[in-house]
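Comments concern the structure below.
Protein chains: 2
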Amino acid sequence: MTNRIIDDYKPLVEKALAKYLSFEPSLYDTVVEAMNYSVAGGGKRIRPCLLLEFSRLCGGNRAAALQMAAALEMIHTYSLIHDDLPAMDNDDMRRGKPSCHIKFGEDIAILAGDALLTHAFYTAASCSAAPADAVQKSIKIMAEYAGATGMVGGQVIDLQSENKTINLEILTTLCELKTSRLIETACVVGCLIAGADEAHQKAAFRYGHNLGMAFQIVDDILDATATAETLGKPVGSDKENHKNTFLTLLGLEGAKKAAHDYTNEALSALEVFREDTTDLKELTRALCSRRF
Amino acid sequence: MTNRIIDDYKPLVEKALAKYLSFEPSLYDTVVEAMNYSVAGGGKRIRPCLLLEFSRLCGGNRAAALQMAAALEMIHTYSLIHDDLPAMDNDDMRRGKPSCHIKFGEDIAILAGDALLTHAFYTAASCSAAPADAVQKSIKIMAEYAGATGMVGGQVIDLQSENKTINLEILTTLCELKTSRLIETACVVGCLIAGADEAHQKAAFRYGHNLGMAFQIVDDILDATATAETLGKPVGSDKENHKNTFLTLLGLEGAKKAAHDYTNEALSALEVFREDTTDLKELTRALCSRRF
Chain B
-17 MTNRIIDDYK PLVEKALAKY LSFEPSLYDT VVEAMNYSVA GGGKRIRPCL
33 LLEFSRLCGG NRAAALQMAA ALEMIHTYSL IHDDLPAMDN DDMRRGKPSC
83 HIKFGEDIAI LAGDALLTHA FYTAASCSAA PADAVQKSIK IMAEYAGATG
133 MVGGQVIDLQ SENKTINLEI LTTLCELKTS RLIETACVVG CLIAGADEAH
183 QKAAFRYGHN LGMAFQIVDD ILDATATAET LGKPVGSDKE NHKNTFLTLL
233 GLEGAKKAAH DYTNEALSAL EVFREDTTDL KELTRALCSR RF
Chain S
-17 MTNRIIDDYK PLVEKALAKY LSFEPSLYDT VVEAMNYSVA GGGKRIRPCL
33 LLEFSRLCGG NRAAALQMAA ALEMIHTYSL IHDDLPAMDN DDMRRGKPSC
83 HIKFGEDIAI LAGDALLTHA FYTAASCSAA PADAVQKSIK IMAEYAGATG
133 MVGGQVIDLQ SENKTINLEI LTTLCELKTS RLIETACVVG CLIAGADEAH
183 QKAAFRYGHN LGMAFQIVDD ILDATATAET LGKPVGSDKE NHKNTFLTLL
233 GLEGAKKAAH DYTNEALSAL EVFREDTTDL KELTRALCSR RF
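Respectively, the protein sequence lines represent chains B and S. Per the working numbering: the first sequence = residues -17 to 274. Per the working numbering: the second sequence = residues -17 to 274.
Rendered as structure tokens:
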């Protein structure tokens, strides 16, 4: 399927990333190359596209939103580079290409992740197309949701849950922190950088939170039920790795119902926005059924 | 020796770090513990003390400066954690204690570094005691000087220079990026957060730059000439590791002269400040002769 949000914004995001990640030739070119290699790895750019759409729904300036969107994608990419490291998930491949540490070595991969995370904040703090207090608040949320109490905390819980059986409460917290927080960041920062009020920020958070949860549950279901062909990546890896998933804890019907409920919650959070949310609703349903 | 800048500010910095690094009990306590373990590792807290002193020289608000100072020390600490990793310098000990990855494992050490770097920006962006545009500019400088074109770039050059002979130009760039940039950050952000004009920011940069260079050259000299007893750490490690140092490139007399010249440049940069710089000059001379 096609969707206006991805179709329109993805090329803008790619262009912005290339712009904000171009540096003068230097003695440390290797790390710049590694940063760009991983960022160019692609993916659907869901987070930056959501940020741009929420900014549009709140009447924001597109240039400012695009700068924040590029920053957020850098944070997402750094997290993938560090997640793939031998001491972490030890993944040699990422989106069909050698992982950053396989291509550039572990030392450069660690530094490329560090540099992307740092450059995300440089990119956000360089924004002059929005008022300073909106930029400051955006950076605060990005850092809070990506840090120890957010995405990094989720990664810690994930590492500690390996080869252990965890309950639904812990799995839900893990998913909230590791998956939802960065999607919430996209939605909330989209509102913040547009100067939206608290009611809209809260609705955006609620949307992102529920979308993230639904997204992860659908991922768990697909890993167990899809064929490698339809999914475009190896399946059954969760079971093989004895991973705790919503499927193992809720069963197939329970997981499907949970994904459905979270999706509906996400959709209902959009009611507060007065601009047209048809495209966003369509994208939400597509993401939550993974028809994308 | 004692110096008012260290004596007065160090306890404030320790207190601020403890405050900004306290989190609610959680499922990811391990990473919070690792962050605090490395931050509590100590050191002289030179960078945060310099930030506070430059803010004072520019008539800044101490609460705001203290928040930025804590943020900067988190960046410094993250860089030490990641530098010590097996894939990087592979150091088992840091300031007489097991390195973060020895104590908590490599995965948690990577994440503790990531979380400290992220939390540095959260801490800076949470500052409400200075105008938003001063906070925004401070974050921008912190990220620029700590990132690919700054400290991380220096680390890349350092890794690439291992077991190779490099010339003075490359060694100077390495030292500028790896050592000076974070000291410059301290001095410039001290001015920025106090709302100082460009002339003062430039002078602070020049001071930090020259102090950083002098500091590194003195370090190289001490590694070769001091006894382990007077230095409080193993000596001669540079020669053993065939490291490129200012001593090997300039000789002892040349290195001493360079350190002397950089120190004088740093001192002369302070002339623009109208507040009393006696203590800062004394601290500068002490740091550059390593009587501290």
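All C-beta atoms in this analysis are idealised placements derived from N, C-alpha and C, irrespective of residue type, glycine included.
Verify the CB distance criterion: does residue i have a CB-CB separation below 8 Å to chain B?
i: S:G135; result: yes
i: S:T100; result: yes
i: S:M50; result: no
i: S:E126; result: yes
i: S:I152; result: yes
i: S:G129; result: yes
i: S:H64; result: yes
i: S:T230; result: no
i: S:T227; result: no
i: S:F274; result: Unreliable positioning characterises S:F274 in this predicted model, as indicated by a pLDDT of 46, which lies under 50. The coordinate reading is nonetheless provided below. No, no contact with chain B.
i: S:A45; result: no
i: S:T12; result: yes
i: S:K85; result: no
i: S:M17; result: yes
i: S:V21; result: no
i: S:F255; result: no
i: S:K1; result: no
Given residue i, which residues of its chain have a CB within under 6 Å of its CB, disregarding the five upstream and five downstream residues?
i: S:V170; result: I123, Q183, A186 and F187
i: S:R163; result: Y127, G132 and M133
i: B:E247; result: N192
i: S:F36; result: C169, G172, C173 and A186
i: B:A206; result: L229
In whole angstroms, give me the CA-to-CA distance for residue i and residue j.
i: S:L204; j: S:L269; result: 12 Å
i: S:I281; j: B:G87; result: Absent from the model: residue 281 of chain S. The displayed extent of chain S is -17 to 274, so no value can be given.
i: B:K146; j: B:Q137; result: 15 Å
i: S:E144; j: B:S61; result: 28 Å
i: B:G135; j: S:T12; result: 9 Å
i: S:C31; j: S:I165; result: 10 Å
i: S:K(-8); j: S:A241; result: 26 Å
i: S:T167; j: S:Q49; result: 14 Å
i: S:L150; j: S:K238; result: 15 Å
i: S:D96; j: B:Y104; result: 16 Å
i: B:L98; j: B:T59; result: 8 Å
i: B:C173; j: B:A46; result: 11 Å
i: S:I63; j: S:L156; result: 19 Å
i: B:L9; j: S:D71; result: 19 Å
i: S:L159; j: S:T266; result: 20 Å
i: S:D65; j: S:T100; result: 17 Å
i: B:I57; j: B:A16; result: 15 Å
i: B:G24; j: S:T161; result: 34 Å
i: S:A111; j: B:D202; result: 45 Å
In chain order, what residues of the same chain have a beta carbon less than 7 Å from the beta carbon of residue i, not counting five sequence neighbours either side?
i: B:Y19; result: C82 and K85
i: B:L(-1); result: V21, A52 and E55
i: S:D74; result: P80, S81 and I84
i: S:N226; result: S143, T147, I148 and L153
i: S:L232; result: A240
i: S:V254; result: A181, H182 and A185
i: B:R272; result: V200 and L204
i: B:R77; result: G23, G24 and G25
Give the DSSP-derived three-state secondary structure of residue i in the structure shown.
i: B:F274; result: Its pLDDT being 46, under 50, B:F274 is placed unreliably in this model, and the coordinates cannot settle the point.
i: B:K79; result: strand
i: B:T259; result: coil
i: B:F5; result: coil
i: B:D96; result: helix
i: S:P(-7); result: helix
i: S:P30; result: helix
i: B:A0; result: helix
i: S:D275; result: In the structure as shown, chain S begins at -17 and stops at 274. Residue 275 of chain S is therefore absent and cannot be evaluated.
i: S:M50; result: helix
Taking only beta-carbon positions, decide if residue i is within less than 8 Å of chain S.
i: B:F187; result: no
i: B:E166; result: no
i: B:L174; result: no
i: B:S81; result: no
i: B:Q198; result: no
i: B:M56; result: no
i: B:A97; result: yes
Can you list, in chain order, the residues of its chain with a C-beta nearer than 8 Å to that of residue i? Leave out the 5 residues immediately preceding and following it.
i: S:V(-5); result: R27, P30, C31, L34, L48, A51, A52 and E55
i: B:Y244; result: N192, L193, M195, A196, I199 and C270
i: B:A106; result: Q49, M50, A53, V117, S120, I121 and M124
i: B:P275; result: Because chain B is modelled from -17 through 274, residue 275 of chain B falls outside the range shown and cannot be assessed.
Using a Cβ-based criterion (distance less than 7 Å to any ligand heavy atom), does residue i qualify as near the ligand MN?
i: B:T155; result: Here there are no bound small molecules, and the ligand MN is not part of this structure.
Cβ contact (3+ pairs, closer than 8 Å) linking the stretch 35 to 46 of chain S and the stretch 171 to 180 of chain S
yes
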